[in-house]
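Participant: Below you will find the structure I want to go over with you.
Residue numbers (my numbering): 26 to 358.
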């Protein structure tokens, strides 16, 4: 049974705004709260019912629970079917609120049917240039995860031109809206493709920042509280590789054979993340005996014929399993 909410605002705070928490990052609760604030600010210029504006803004994107393409229509249906709104509005007012939610999409081929629809449509537009680009990137990442970086850039560029550039389908409905000046700024950014691409790269990198563990049977299995490698924001950190043959679990004899096996193990881990030795930026070589440096170095050079990474090399008191060498690495995409 629905609780007996004393006011529309209490109902929206408890039952409606939490629905946004399940939507994509660009349409979560902070977005709905901002649209409410901006809609009420625009309402001050017109003789409208502020509670109707509040309701329309609060419900305007609730249709995302079903579908993005027709979410505006679903939002209208949700408003019409809401069991509590008749406590505060007449049937005629509820229909106006529903139509305002239906009319808020910028891509619609018609103007909003009422001042309420124009207010919600305008409030839904946060024309802050960086925010617009970020929301475009976020939408692409959420709905087209199969695309690569360049494909996301082309999609972002295409969308911005179609919607916001001169001749784009976005229309401003409220002359008092601060979006007018912001749209001019955004159009200047879109026209400056080099500057726009720089911003896209910054946002894409920030939004795809993630940590990924790499594991492959082609290298010795991690037997302690560590991973074979971890990728963080495009940089791969490879754990030290002992010269263990993953097929036998044994180590070959001699520094040359052990160096080659350690490097082969690094190569297998690199390959598991789509990289190779040319992507390595730095290695660390641990030797049981520094007298083996020359023999180790001769084998090591075979794996880095051209682009040689930075390197440090130490003699240590001992290595696990009596190994003569251990090598780790840092690589980048």
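Cβ atoms here follow ideal geometry from the backbone N, Cα and C, with glycine treated the same way.
1) Leaving aside the five residues before and after residue 187 along the sequence, list all residues of the same chain whose C-beta is less than 8 Å from its C-beta, in chain order.
2) Rank 96, 202, 168, 290 by C-alpha distance to the C-alpha of residue 274 and give the top, closest one.
3) Can you tell me which of 84, 161, 304, 253 puts its alpha carbon nearest to the alpha carbon of residue 49?
4) Go through its chain and collect everything with a Cβ distance to residue 76's Cβ below 8 Å, but skip five positions before and after it.
5) How is residue 100 classed by DSSP in three states: helix, strand or coil?
6) Residue 288: which of 326, 156, 70 sits nearest, CA to CA?
7) Return helix, strand or coil for residue 180, following the three-state DSSP convention.
8) Could you confirm whether any beta carbon from chain B is found closer than 8 Å to the beta carbon of residue 189?
9) Does the distance from the CB of residue 142 to the CB of residue 167 come in under 8 Å?
10) Counting Cβ pairs closer than 8 Å, one from the region 214–229 and one from the region 301–311, do we hit at least three?
11) Hey, how far is the Cα of residue 210 from the Cα of residue 229?
12) Give me the Cα-Cα distance between residue 356 and residue 238, rounded to the nearest whole angstrom.
13) Which residue wins for smallest C-alpha separation from residue 91, given the options 100, 234, 130?
14) On the CB-based measure, 16 or more other CB atoms within 10 Å of its CB, does residue 276 come out buried or exposed?
15) Check whether the Cβ atoms of residue 147 and residue 202 sit closer than 8 Å, and answer yes or no.
16) Residue range of the beta strand (DSSP E) that residue 336 falls in?
17) Could you give the distance in angstroms between the alpha-carbon of residue 281 and the alpha-carbon of residue 301?
18) Assuming residue 264 contacts residue 254 under a Cβ cut-off of 8 Å, what Cβ separation, rounded to an integer in Å, is found between them?
19) Given this structure, state the Cα-to-Cα distance separating residue 343 from residue 170, to the nearest angstrom.
20) Rounded to whole angstroms, what is the Cα-Cα separation between residue 214 and residue 257?
21) Look up residue 253 in the DSSP assignment and say whether it is helix, strand or coil.
22) Since residue 305 and residue 354 are thought to touch, with beta carbons under 8 Å apart, how far apart are those beta carbons, to the nearest angstrom?
23) In this structure, does DSSP put residue 354 in helix, strand or coil?
24) Can you tell me the Cα-Cα spacing of residue 220 and residue 140, whole angstroms?
25) Pull up the distance between the alpha-carbon of residue 322 and that of residue 358, whole angstroms please.
26) Along the alpha helix (DSSP H) that carries residue 262, what are the first and last residues, could you check?
27) Based on the DSSP output, what are the partners of residue 310 in its beta bridges?
28) Please report the distance separating the alpha-carbon of residue 352 from that of residue 269.
Facilitator: Taking the geometry as given:
1) So the qualifying residues of the chain are 193, 194.
2) Among 96, 202, 168, 290, the Cα nearest to that of residue 274 belongs to 290.
3) Out of 84, 161, 304, 253, 161 has the C-alpha closest to the C-alpha of residue 49.
4) Within the same chain, and ignoring the five residues on either side of residue 76 in sequence, the residues whose Cβ sits closer than 8 Å to its Cβ are 33, 113, 114.
5) For residue 100, the secondary structure class from DSSP, reduced to helix, strand or coil, is helix.
6) Nearest of 326, 156, 70 to residue 288, Cα basis: 326.
7) Residue state for residue 180 is assigned as helix, using DSSP reduced to three classes.
8) Absent from the structure is chain B; it holds one protein chain and no more.
9) No, the Cβ-Cβ distance between residue 142 and residue 167 is not below 8 Å.
10) Not touching, per the Cβ criterion.
11) Approximately 21 Å between the Cα atoms of the pair.
12) Whole-angstrom Cα-Cα distance: 14 Å.
13) A check of alpha carbon separations from residue 91 across 100, 234, 130 identifies 100 as the nearest.
14) The residue is buried, with at least 16 neighbouring Cβ atoms inside 10 Å.
15) Against a cut-off of 8 Å, the Cβ pair of residue 202 and residue 147 comes out as a contact.
16) In this chain, the beta strand (DSSP E) harbouring residue 336 covers 335–340.
17) Rounded to whole angstroms, residue 281 to residue 301 spans 21 Å at the Cα level.
18) 6 Å between Cβ atoms; contact.
19) Whole-angstrom Cα-Cα distance: 46 Å.
20) Rounded to whole angstroms, residue 214 and residue 257 show a C-alpha spacing of 31 Å.
21) Assigned with DSSP and collapsed to three states, residue 253 falls in coil, not helix or strand.
22) Between the beta-carbon of residue 305 and that of residue 354 there is about 5 Å, and that keeps the pair under the 8 Å contact cut.
23) DSSP, read as helix, strand or coil, puts residue 354 in strand.
24) Per the coordinates, the alpha-carbon of residue 220 lies some 37 Å from the alpha-carbon of residue 140.
25) When rounded, the distance between both Cα atoms is 25 Å.
26) Counting along the chain, residue 262 falls outside any alpha helix (DSSP H), though it belongs to the beta strand (DSSP E) covering 260–266.
27) DSSP links residue 310 through a beta bridge to 338, 352.
28) Roughly 12 Å between the two C-alpha positions.
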